[in-house]
Each structure stands twice: as C-alpha cells, then as structure tokens.
Amino acid sequence: MVSFVARRLLVSMPVLLGITVINFFIIKLAPGNPVEMFINPNTPPELIEAKKEMLGLNSPFFVQYWQWLLQLLQGELGYSFSSYAPVAGLIQERIGPTLLLAFSALIAGLLVALPIGIFSAVRHNTKWDYFLTGLSFVGTSLPSFFLALGLLYLFALKLRLLPTGGMQTLNGDGGVLDTLLHLILPVSVLAVVVIGKKIRYVRASMLDVLQQDYLRTARAKGVREFAVTHKHALRNALLPIIAVFGMEIPALLGGSIIIEQIFQWPGIGQLTMQSILSRDYPTLMALNLVAAIVVLTTNLLVDVLYALADPRIKYR
Amino acid sequence: MKRSLRIPHAIILACLLILLAACSSNGNNAGDSSGAAPAETAAQETAAKAAPEEAAEPPAAKEKVVTIGIVNSPITLNQINDQGDSASKTVQALLNDALLDINTSFEFLPKLADSVETADNQTYVVKLNPAAKWNDGQPFTTADVRFTLLSALNPKVESSFRLNFVEGTDDAGKLPEGQSELTGLKVVDEHTFELKTKTPIDPNIFKETFATKVYFLPEHVLKDVSADQLNTHPYFQKPEVTIGPFQYANFRKDQYTEVKRNDNYYRPVAKLDKIFVKVLPATNLVAQLQTGDVQLNSLPVGLIPITEYEKVKALANVNVDSSGPSEPAEIFFNTKSLPDAKVRQAIAYALNRQLIVEQLFKGQAEVIDGSVPSDNPYYNDKLTPYTYDPDKAKALLAESGWDAKKPLRFLIPVGNKVREQAADILVQNLTDVGFKIDVQKYDFGTLIDKVDNQQYELTIFNRDYYIEPSNYFSLFESGNGNNFILYSNPRVDELIHQGATESDSAKRHVIYDELQQILHDELPTISVYSEKRLQAVAKNVLVGKPLNLGMFNRVNEWDLAE
C-alpha cells in the first residue's frame, strides 16, 4: 500500500506540471491584462508600459511560465498584481472557510443521502420510493443559485431567522454559534445538490447488490433483514458510492464559487472571481494549483478507501 | 464473515466519530473564542478609553459603531497606490488626510496644510499645520512629504500619483532613471515646502490633482525600506501608522474593513469608536439598512439600485435624498469606423434618453450630452441636448448614405445592472431607426481589451468624477495614448491645451464653452444619463451622509444619537 501511494504521488507530479502549463496558457489567452483594467486618459501610456515591464508581462509566454515555475520551486507563490499581498497569505486566509463550507455540505449530504438511498432501494417501486426519487430529481434539477436566492428571501429577509451573508457578525463575539448560523444557508444549498445526485447513486448501487445471490443465502440462513441490508448489502454497495462521493469534492469546491458570491462567504470562490475579473495572474495560478492538488489528492484518497472497503482490491 | 460484517459499521461509525470530533472541536473553539473575545474587546475598550483626555472617566457603556455599506471590495489600503479603485479610495479616506479636502460645493478646505498659495501659478507654497502628527504621536513634517514624493515617484515603486506636471518628473510622472531628488520640490523649513510645476497651471488643477489626492507615508516607519521592496512591504497590508481621523484595525478583503478612532488625531478627535466598511451585494443594501446592520450606503461604489427607490423611501428608520448629478454614462464612438458626424448625430436623435431617465431612473437622473456633469462650474449650459426624434435620425442616416446592413458592434460591460438595462433600451432605439446592432457583453477587462484593439463601433461606460474640467477632455486629444475613440481635431487640441494652462477663470469659461460646443456638434461621445444617486443614512447617525465628494470631510464629527 505504501509503495502504491508513493508511486501514485510520483505519477502525480508530471500531471500537476501539465495542468499548470495548460492553466497558464488559458489564463494568458483571456483577453485583457492586469495593467489596463481601467481606461483613464489621464494615465500616461509610459506608465502603463513601465508597469507591464515591471510585472514581466512583455516577456514571451514560456519565459513567463518558466519564471513562475522557478519561483514556485523555491516555495514562492509570488504577490498579487492588484494588492501586492503575498498570494500564499491570501489563499491561507480563504482556504479554511471554503473547506469548512465544502466538507460541511459533503457530510450533511452524506448523512441524508445514504439512509434515504438505502431506504428507497429496500422499498423500491413503492410509493415511498417514487416520492423520494422524485424529490432527488427536484434536488438535482434545481439551479443552486435559484435555491440560494429563494432561501435567502425566505429565511433572511422574510423570517429574519438567519443572516443574509458573510461568515460572522460584524463586531460580534466571533463565536462558533455565530459562524454556524451563517453556515446554515450556504451549506443547505450545496447539500441539496449533493443529496439530489447521491440518493440516486446509493439507490442504484444498493438495488444492484440486493439482487445478488449471497443475500438470498444470508436470508436463508436466518440473518435478520436489517443485518442483511445494512451489513451484507451496504458494504458491497459502498464501493461505487465512495467513488462518487470522492468525485464530489472537486465539484463542491467549484460549485461553491457561485454560492460564496451569493452568501458573501469569504472563501476561495470569491477570491477566484475577483482574480479573474482583475486578471490577477499570480493569484489565479496559485488557486489553480491548489485546486489541482485537491483533485489529485481526493482521487488518491478514493483509491485508498477502495482498498479499505474491498479486500479483493490489492494495490501493488 | 463476521469480521467483515463489522466493517461497514466501522466505517459509518468512523464517519460519525469524525463528525463528532469536528463538532466537539468546534465546540471547544466556541468556548475558547467566546471566552476570549469579550476579554479582548474589553481590553481594547479599556485601551481606547484610557486615552489621555478620558483617563479619569469611567468607560462608556456602549461602543459607538457605524457600518457603511459598499458593493465592491476595496483592493488595497496602500495610500500611494490605490489602483484607481474607488472602493479602496473610500476606506483610505478614513485612514489618511491629504493636504486639502474638498466639499460638494467644490470648495477646498484645509487639512494637513494650513494654506496652499501661489503667486505665479507655477510655484506653489504649502504651509503645513504645525500640530499635525501621525497616529503614533510622531510629528508630521516636510520630511514626510519629501520621503513620500521620492518614494512614490521612484520608477521602481508603483504608485497611483499622477504628477507629471511637476518639475523634475518625466512624461510618465516618475523621476528620470538615476535621479534621486525631485528638482521641483524645495523644502523651506519643517512646515513649509514649495512645489514647482513644469508650466503654469490653474491652481485648481494643482489643488485637485496634488493637494487633495496625495496621501503620505510615515518616514519614521519606512525610511529603511529600499525602493524595490516598497511595493510588497508588509506595512501596506496593515498600515497601522497613518494620519487620519481613524486608524487601521482590521482588513478582511471581500468582507469588511474595520477602522478605530485615532486618539492622537491633530484635529478634534472622532466621536465614533469604530467604523466598519462592509462589503455586500447591492441587492442586500436596502435590506440591511432596514435591519440596521448598515447605517449608510456609500458613493460611488455602494449604490442603492434605483429599482429599490420606493422601498428605501418607505423605510421609517432611514433618511434618503439624492446626490447632485454624477459622472454620466457615456456612449463612446470609434470615430475611425464611424467617421461621419452625421451618423453619430443620427444615433443621438435615435436615443430615447428621456424614457430611460423617467422610467428606469424614476426621474433620479438628468439628460446631458457632454462629459461634464451639470454641476461643474465649467458646464456649458447654453447647449441644447439632442432630442428624441427618430424621423430626424432616419433622415440624417439617409443623407449620410450609411449602409444599414453594416452591423455596429456595441460593447456593454456587465456588472452595473441599471446601465445594462439602459443599454438594452438604447439597442432597441437604434434598431428602430434602421441600425443593425451587434450587442456584445463582456466583463470590464475584456471590454477594455476590445476597445484598445478597435474591435468596436460603440461602447458605454462611466468615467471618473472630476472637479477639474480639463480631466474630462484629455480623452479627445489627438496625441493622447489613451484616446481610444481615435478622435482628432486640431482646434480641439488647441483648446484643450489652452484650457489646461489658462488660469483666468473667465477666459477658461470661454475656452471650455467653445470646446464643449465643438464636441457637441461633432459628437465623438454622447452621454446617456447623469444619475442622481441615492444617499441613504439611518436617522440615528448625526452629521454623516453619503456624498459624491468629500464624504469623510467631517467624519470626526459623526456621531450616533442616544
């Protein structure tokens, strides 16, 4: 197992490098540049040129990339073009809130989708099953921004039960209860999307397994029905479920961009949007790097979990 | 078999445990932080109250805190490099004083400077307020002025200062390579300095572009930092030593900026304890004004959507009025691909701007043609705006022989909803008289790129708000590298030059009247609307109010009613 992980990590390196090259290329391809964001005829053109030169924007593409890479190898992510804040600090500040949001949504989604999916599979083709499958269909189809605005209107504006946005009350005590209150709406929105999709996966996977012969054998030898579904069947059904939940993490990080905007959640998503709009190349590159690492790590994690869940799988 | 049966349970259990652990560690944090936070605030409060003049008084019961709503997040607190960002300028104005300030009636008020005077419109003598001191108690002197100018004008330092009219700077407004002194600057004594311009300029230009725009760096904090380290110096991420009514407390980008009272202020110390500038979507502004989470909106980047006009008017706890006319949304023509003034005039006659003002802005805007807002002293009020006359537009088009099949690329920036809606109406107007419009919506960065590469026929956006009229006209100058409309008229160039150097106000009026007349006839740009922005302020806030100009002039007098 250790050698498997080590080998996978080694393979990840060129993949990561490839991702950064492509990202760099795409970012540069976008029209506009960080220096000429505002047309102001009172800005001397010489000054604009000088800033471009200073930021190294006049060098050829590969030279710029090479410089970025060299810097990275020295453990430097550089400074934001717009605020001159160290990029590492910017990301450090934002990653926590985003992970909190994404993992809360994932766990909430898991806790709801798993039992409902199992229930739905066990009672398949009953009214309950139709109702729950229908509900999951609604969850998948509902655009998350729409749901977000709807919930905001209802809970924050009409009922005044929850805050409209942000992560903490200004000048408040900064306590966890305060953060939890702020967390409820964005997590609910993200979780609904997860739940909608995952109920169907869990249900399908369970159905598949429930029809297996060994379950009939288990029942025949007198194992109780609960044990049959929750021990024998679930264990086998878990495999594909682990995979899709693993895949959900990158999707959650991506999906939270919109949700963070709507709820003013101070996470990576907002930083990404701002950086795109101001063409802040160093920050964008670092964000892409972080995203790539998260995706590669979750993939690896899923593989490892596979092995833990299924002894048949041996990594060599 | 039995052993393996336990594993699913084990996994679920593990999940639950992780969850529990997460919760309980959160719970611990809750205890920690809620335990620590009051203690901290208490400590801060006592520290604040322990200010010299209040040492004997018992601490006041409640902190006086005002929250200002802003829509765009401030990018930076760097007072010599605001990146042209209005949101950054808003928070910087709380932390920094300039030599002079300005009010909505275009009057200059003394701040760090007691006086700015000139005998020949070229040598400006500035006398500093001898009492002025940084918030750490160090005196503010001409040494700080000199340090700031030499730092900001150093070619290695990025700065938003635009001082290429000052003697000793090159065309870019920087010190020439290898030069370590600014020849135009003469330090007379600790509290007096002289600044010489390359050519005589109107004192208002000097006051607007230098005396009200330049903020200062504390020499005693930054003197040992080399020029190439200055841009990224940690001071600018957390400028604790500044000279203004308030001082840095906390800066959370995209969330809020927190400033606290400067007890060492050289003018009457602020009555408020803290001000928060809170970032929130425009659509939440009214809701938060209503709930009291926000007490004021801000101009120009904390605009209340005009669609919420009725709603905000109806709020019992908020006073609302309208600002003077602001910088207009202008249509800019690519005069290379639309060379015939008749076609541009046809466009002007085709636009139903009155409808936009009445319906979209509910009357809270006015129609003007030129770039200069109508409250500017140099606004030419003798010009009659183009009226909505589709027949005349069609006639002019026929006369010009314009090929109606040729599509016009109309670039519209996204982000400002009302401007986008206005643009939709404009597109409809133009289509009605026979133009073929190719609407392209972009984010601002992309739009500017297209404009710079001449991939457009018309576009719409707002420029900055200036007091000095010459700033509105440099766009039309043939030699200007940023003349993206490619407009060129020798007479206009001449007038622009005369206007910028003429210091007699009556003569300037004549010059700018003629200039505006020519631009009105030739129409390289046409304004669509000049918005009167909503200024909302909670009734319990005293003195303070959102303003187009000098909103924080008297922020030290702001107070909360009991």
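From first to last, the protein sequence lines are chains A and B.
For the first sequence, the UniProt record's numbering gives the first residue as 1, with consecutive numbering after it.
For the second sequence, the UniProt record's numbering gives the first residue as 1, with consecutive numbering after it.
Ideal placement from N, C-alpha and C gives every residue a C-beta, glycine not left out.
Query                                                                                                                          : Result
Beta carbon of SER326 of chain B nearer than 8 Å to that of THR90 of chain B                                                   : no
Cβ shell of SER180 of chain B (< 8 Å), same chain only, five flanking positions each side left out                             : LEU150
Per-residue burial, THR492 of chain B [other beta carbons within 10 Å of its own, 16 or more giving buried]                    : Correcting the residue type first, residue 492 of chain B is Val in the shown sequence and not Thr. Result: buried.
Proximal residues, the segment 428–441 of chain B versus chain A, C-beta separation under 8 Å                                  : none
Nonlocal neighbours in the same chain, by C-beta distance under 8 Å from ASN204 of chain B, ignoring five residues either side : ILE467 and GLU468
CB contact below 8 Å: PHE236 of chain B versus chain A                                                                         : yes
Same chain only: Cβ atoms within 6 Å of residue 565 of chain B, ignoring 5 sequence neighbours per side                        : Since the first residue of chain B shown is 1 and the last is 562, residue 565 of chain B is not available in this structure.
Chain-ordered neighbours of MET247 of chain A on chain B, where CB pairs are closer than 7 Å                                   : In chain order: nothing, as chain B lies at least about 18 Å away.
Neighbour list for SER86 of chain B in chain A, Cβ cutoff strictly below 7 Å                                                   : Per Cβ cutoff of 7 Å: no residues; SER86 of chain B is ~10 Å from chain A at best.
Length of the line joining the Cα atoms of GLN229 of chain B and ALA348 of chain B                                             : 51 Å
Residue burial classification, THR212 of chain B (beta-carbon count within 10 angstroms, cutoff 16)                            : buried
Three-way DSSP call (helix, strand, coil) for ILE48 of chain A in this model                                                   : helix
Cutoff 8 Å: VAL367 of chain B Cβ touching any chain A Cβ                                                                       : no
Assumed close pair THR197 of chain B, VAL166 of chain B - CB separation to whole angstroms, cut-off 8 Å                        : 6 Å
Cβ-based neighbour list, PRO377 of chain B, same chain, cut-off 7 Å, excluding 5 preceding and 5 following                     : PHE106
Check whether VAL301 of chain B and ASN72 of chain B have beta carbons under 8 Å apart                                         : yes
Interface flag, residue 626 of chain B vs chain A, CB-CB below 8 Å                                                             : One cannot answer for residue 626 of chain B here, as it falls past the ends of chain B, which runs 1 to 562.
DSSP state of SER488 of chain B mapped onto helix, strand, coil                                                                : coil
Candidates A:TYR306, A:VAL5 and A:LEU111: closest to VAL194 of chain A by CA position                                          : A:LEU111
Proximity to PHE24 of chain A [Cα-Cα], best of A:LYS127, A:ALA286 and A:ARG7                                                   : A:ALA286
Burial state of TRP66 of chain A, where buried means 16 or more other Cβ atoms lie within 10 Å                                 : exposed
Cβ separation of PHE276 of chain B and VAL555 of chain B, assumed to be a contact under 8 Å, to the nearest whole Å            : Wrong, their Cβ atoms sit about 13 Å apart, outside the cutoff.
Beta carbon proximity, ALA105 of chain A to chain B, threshold 8 Å                                                             : no
Close beta carbons around TYR215 of chain B, own chain, < 7 Å, minus the five adjacent residues each side                      : GLN79, ILE80, GLN92, ASN96 and ALA98
Contacts of GLN288 of chain B in chain A (Cβ-Cβ under 8 Å)                                                                     : THR164
Straight-line Cα distance separating THR98 of chain A from GLY292 of chain B                                                   : 28 Å
CB contact check: GLY254 of chain A to chain B, cutoff 8 Å                                                                     : no
Three CB pairs or more closer than 8 Å across the segment 311–326 of chain B and the segment 521–537 of chain B                : yes
Rounded separation between LEU161 of chain A and TYR130 of chain A - CA only                                                   : 33 Å
Unbroken beta strand (DSSP E) run spanning ASN72 of chain B, endpoints                                                         : Taken as a continuous stretch (DSSP letters only), ASN72 of chain B belongs to no beta strand (DSSP E), as it is neither H nor E.
Reduced DSSP category for TYR248 of chain B - H, G, I as helix; E, B as strand; rest coil                                      : strand
Interface flag, residue 366 of chain A vs chain B, CB-CB below 8 Å                                                             : With chain A represented from 1 up to 316, any question about residue 366 of chain A goes unanswered, as that position is not in the structure.
8 Å Cβ cutoff, PRO176 of chain B in contact with chain A                                                                       : no
Helix, strand or coil at GLY269 of chain A according to DSSP, with G and I counted as helix                                    : helix
Chain A contact for LYS133 of chain B (CB, 8 Å cutoff)                                                                         : no
Simplified DSSP assignment, three categories, for PRO413 of chain B                                                            : strand
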